[in-house]
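What follows is one structure encoded as structure tokens, with my remarks underneath.
Protein chains in written order, with the working numbering: chain Z, 3 to 661; chain S, 18 to 186.
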């Protein structure tokens, strides 16, 4: 009953989306406010029905209703409640339902909070949203219906893949989807602007918060996924340049570029065409990511079972939307008027450079992701991995990072490169000192590592310099500084935090890859392993029964210079239903560094294979993105973004006579 | 500066960055790309020792031998040919004889494949796609692999990294 209701709600949502796709556009053509307002109610109703459908699926999973194929295949009655819920999106059908639910959520948000948008713009935006939604509802209903029943219901389910039975699944996919799908809003805005043939600074001001929200979630989602892979897969890798990871990185790069170009458009009314193009490209890359993950064309950590019809269907959606939007762009872009002028050396110029490097870096990742596919068509199997990206992506990003501190300190329209360089002198010197210290202090590892750390320090110091300059710290009396700091727009603080986050992440990445020490051996009881100054003594092996697994736990006593620090208990879980096992690594955090222990196989003599890593400053890799997201949130809370744009619209409303 | 000059500066800058990226990519394509081979392809092509590639096939039943200090040797077969593989480290959770495996490394002077990475997937029915394709092509594909692989499960990779790992991070 619940399954049928959920299915029916989804069909209704499709019907509503179809209405929303067409009626508001007719309304806009006829200048009929009532017809245009249909978009608002249908978007909210659509959210209601998809929400109901999603809740239905969650209920089925929680109730362990194994007469539904999706529940049978991915759940187990003994599974803890949290994994019964998260298991909903731990499979193809459920994750697509989550995808459309989030799409409807964003549409609903625009409908509910977009009161200050011009009526026809809102109608267009919501109509474009509905096109995307309709395509994906059709996809779900025709190829991946999560509500299919089984004729003879089995008593017990097949359980969720053990690797996914982790709190990471509760957070990572929803975050990532909020990011991916969030970019659909800037896409819809771009298409709406092209359809209307009108675009101005106010448009950028409306688009920027939406892009920023999507970007914040995507940043956190990627970081979360990376940390999850790090502790769950058992060998301490945190980024694999796996096609699916690239699929999330590409929209992030394009989205970051979009954030910056929208800034130029909002402030200076320039780069209009480019901003529109970036909006289209960012969401296209999100769609491409969905295609890569869902179609199974690429073997990857994330690939669900392959089904050709699904692949073809998503490819069709992909071609339709990317092809359609780019043709529309080609046809209409020239009609958009060019805006403000600027000299190459200026804030705008710096932001253009940022956009250039980000989009080229994105293109490199796209090439590296698709090249193996192209070669496969020529019957050559290759893999493009870290060495490729180290030689291509890394240098481009290094140039970008070198330029990062200069950008926010440049003046709009015409900048003074020499003046900025002088003001950044202290930051530069700090970076160089860091290079010298690291060089002298640490032996071994790549010669590039100290330089990269210096670069990271330079970026952080540059972000601090910007704030120091703006508040007049050092130069002015303290009271004035405080006053200025309070008066500083939150977006300036946001910029500083986000840019500093880049530096923090870079330092973490460099330290982890260069000075990671590892120890792999078989250990017996009372054996001691020495890793990076720590002594790990294997106290013994125990076994324990979990809710739907048995686990073997190894207990390590960790000490340093004879002083006991902690006990680490890595384990190996075997899941009877699937006959598979997972490695649960044990992590010990010391400052920003971590000790990492995971287990291998036991041998006949009662010893066990053990992998121990010491990962210096590894946590900075994830602190960086968290800082970036925090910066994004600060910028989002900037009052200019909230109250700036709507004013004219509201003023107009007030002038209307009360009837 | 006139409007035209400004535009030319920006276009010039863009082209410079694009050219740089293209140069980097072309340079990287020369030696950082790893090819995939099966034992048959290795036998036919006479791959030079020291050249890195990915080897895929099935672990020959009965060939797995564990030595001291986590040293492991096994043979990878694809129905046509066999190739001995040496690896030092912890094998992935689901490494088993008779199942698909992908190893990355290079041949040594004696024709033994020294692997520094061994990849298996986290599902007992999973067959790496490279291996499946190669087996299909050579006619050693059994239909039940396909039936098993389309169960709707999500295989996740586990990777074993050897002690001598360097380039593959």
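All C-beta atoms in this analysis are idealised placements derived from N, C-alpha and C, irrespective of residue type, glycine included.
Thinking residue i and residue j are a contact (beta carbons under 8 Å), I'd like their distance in whole angstroms, please.
i: residue 145 of chain Z; j: residue 245 of chain Z; result: Rounded, the Cβ-Cβ distance is 21 Å, inconsistent with contact.
i: residue 576 of chain Z; j: residue 551 of chain Z; result: 6 Å
i: residue 473 of chain Z; j: residue 492 of chain Z; result: Rounded, the Cβ-Cβ distance is 14 Å, inconsistent with contact.
i: residue 256 of chain Z; j: residue 280 of chain Z; result: 6 Å
i: residue 497 of chain Z; j: residue 407 of chain Z; result: Actually they are not in contact, since the Cβ atoms of residue 497 of chain Z and residue 407 of chain Z sit about 11 Å apart, beyond 8 Å.
i: residue 461 of chain Z; j: residue 403 of chain Z; result: 5 Å
i: residue 128 of chain Z; j: residue 113 of chain Z; result: 6 Å
i: residue 102 of chain Z; j: residue 86 of chain Z; result: Actually they do not touch by this definition, with Cβ atoms about 21 Å apart.
i: residue 522 of chain Z; j: residue 84 of chain S; result: Residue 522 of chain Z to residue 84 of chain S, Cβ: 14 Å. No contact.
i: residue 417 of chain Z; j: residue 348 of chain Z; result: 4 Å
i: residue 352 of chain Z; j: residue 409 of chain Z; result: 4 Å
Could you say which of the options lies nearest to residue i if we only look at CA atoms?
i: residue 21 of chain Z; options: Z:117, Z:11, Z:32 and Z:43; result: Z:43
i: residue 563 of chain Z; options: Z:484, Z:536 and Z:215; result: Z:536
i: residue 293 of chain Z; options: Z:313, Z:111 and Z:116; result: Z:313
i: residue 63 of chain S; options: S:134, S:129 and S:22; result: S:129
i: residue 613 of chain Z; options: Z:518, Z:640 and Z:581; result: Z:518
i: residue 356 of chain Z; options: Z:263, Z:25 and Z:504; result: Z:263
i: residue 140 of chain Z; options: Z:258, Z:265 and Z:13; result: Z:13
i: residue 1 of chain Z; options: Z:275, Z:176 and Z:207; result: What the structure shows of chain Z is the stretch from 3 to 661, and residue 1 of chain Z is not part of that stretch, so it cannot be assessed.
i: residue 405 of chain Z; options: Z:458, Z:377, Z:451 and Z:368; result: Z:458
i: residue 362 of chain Z; options: Z:152, Z:582 and Z:252; result: Z:252
i: residue 558 of chain Z; options: Z:238, Z:200 and Z:599; result: Z:599
i: residue 256 of chain S; options: S:48, S:109 and S:29; result: Chain S is shown only over 18 to 186; residue 256 of chain S falls outside these bounds and no answer can be derived.
i: residue 58 of chain Z; options: Z:422, Z:32, Z:147 and Z:593; result: Z:147
i: residue 220 of chain Z; options: Z:630, Z:636, Z:639 and Z:640; result: Z:630
i: residue 565 of chain Z; options: Z:538, Z:584 and Z:578; result: Z:538
i: residue 465 of chain Z; options: Z:435, Z:583 and Z:425; result: Z:425
i: residue 401 of chain Z; options: Z:441, Z:377 and Z:454; result: Z:454
i: residue 394 of chain Z; options: S:46, S:20 and S:86; result: S:46
i: residue 373 of chain Z; options: Z:360, Z:269, Z:359 and Z:391; result: Z:391
i: residue 51 of chain Z; options: Z:68, Z:10 and Z:61; result: Z:10
i: residue 471 of chain Z; options: Z:494, Z:218, Z:451 and Z:119; result: Z:494
So which residues on chain Z does residue i lean against when the C-beta distance must stay under 7 Å?
i: residue 50 of chain S; result: 384, 386 and 390
i: residue 26 of chain S; result: 346
i: residue 31 of chain S; result: 358
i: residue 98 of chain S; result: Within 7 Å Cβ-Cβ: nothing; residue 98 of chain S doesn't reach chain Z, min ~17 Å.
i: residue 71 of chain S; result: 385
Would you mind telling me which residues of chain Z sit closer than 8 Å to residue i, beta carbon to beta carbon, in chain order?
i: residue 76 of chain S; result: Result: empty, since nearest Cβ-Cβ is about 15 Å, beyond 8 Å.
i: residue 35 of chain S; result: 362
Can you list the residues of chain A that residue i reaches, using a CB-CB cut of under 7 Å?
i: residue 369 of chain Z; result: The structure shown has no chain A; the protein chains it does contain are Z and S.
In the DSSP assignment, what residue or residues form a beta bridge with residue i?
i: residue 583 of chain Z; result: Z:576
i: residue 101 of chain S; result: S:92
i: residue 532 of chain Z; result: Z:537
i: residue 592 of chain Z; result: Z:595
i: residue 600 of chain Z; result: Z:613
i: residue 122 of chain S; result: S:70 and S:132
i: residue 562 of chain Z; result: Z:536 and Z:565
i: residue 570 of chain Z; result: Z:558
i: residue 521 of chain Z; result: Z:614
i: residue 384 of chain Z; result: S:52
i: residue 545 of chain Z; result: Z:554
Chain S partners of residue i, CB-CB under 7 Å?
i: residue 397 of chain Z; result: 41
i: residue 283 of chain Z; result: Result: empty, since nearest Cβ-Cβ is about 15 Å, beyond 7 Å.
i: residue 393 of chain Z; result: 41, 44, 45 and 49
i: residue 602 of chain Z; result: 107
i: residue 613 of chain Z; result: 107
Just to make sure I have the definition right: I need the residues of chain S whose C-beta is within less than 8 Å of the C-beta of residue i. Which are they?
i: residue 523 of chain Z; result: 86 and 87
i: residue 533 of chain Z; result: Neighbours of residue 533 of chain Z on chain S: none; closest Cβ ~13 Å, over 8 Å.
i: residue 365 of chain Z; result: 38
At 9 Å on the CB atoms, spell out the chain Z contacts of residue i, in chain order.
i: residue 130 of chain S; result: In chain order: nothing, as chain Z lies at least about 16 Å away.
Using a cut-off of 9 Å between C-beta atoms, extract the partners of residue i located in chain S.
i: residue 343 of chain Z; result: 20 and 23
Evaluate contact between the region 498–515 of chain Z and the region 600–610 of chain Z, counting only Cβ atoms and requiring at least three cross-stretch pairs below 8 Å.
-> When C-beta atoms of the region 498–515 of chain Z are compared with those of the region 600–610 of chain Z, fewer than three pairs fall below 8 Å, so the two segments do not count as touching.
Would you be able to state if there are at least three C-beta pairs under 8 Å between the region 43–54 of chain S and the region 380–387 of chain Z?
-> Counting C-beta pairs with one atom in each stretch, the region 380–387 of chain Z and the region 43–54 of chain S have three or more that are closer than 8 Å, which means they touch.
Is the region 325–333 of chain Z close to the region 220–240 of chain Z, with three or more CB pairs under 8 Å?
-> Result no; under three Cβ-Cβ pairs closer than 8 Å.
Using 8 Å as the Cβ pair cut-off and three pairs as the minimum, do the region 151–166 of chain Z and the region 199–218 of chain Z touch?
-> By the Cβ rule, the region 151–166 of chain Z does not count as touching the region 199–218 of chain Z, because fewer than three pairs are nearer than 8 Å.
Any 3 or more C-beta pairs closer than 8 Å across the region 524–531 of chain Z and the region 21–41 of chain S = Counting Cβ pairs under 8 Å, fewer than three are found: no touch.
Would you say the region 71–83 of chain S touches the region 36–45 of chain S, given that touching needs at least three Cβ pairs under 8 Å?
-> Fewer than three pairs of CB atoms, one per stretch, sit closer than 8 Å, so the region 71–83 of chain S makes no contact with the region 36–45 of chain S.
At least 3 beta-carbon pairs within less than 8 Å: the region 26–33 of chain Z vs the region 74–92 of chain Z | In short, these stretches do not touch, since the Cβ pair count stays below three.
Can at least three beta-carbon pairs, one atom from the region 194–203 of chain Z and one from the region 165–175 of chain Z, be found at a separation below 8 Å?
-> Under the Cβ criterion (8 Å, minimum of three pairs), the region 194–203 of chain Z does not count as touching the region 165–175 of chain Z.
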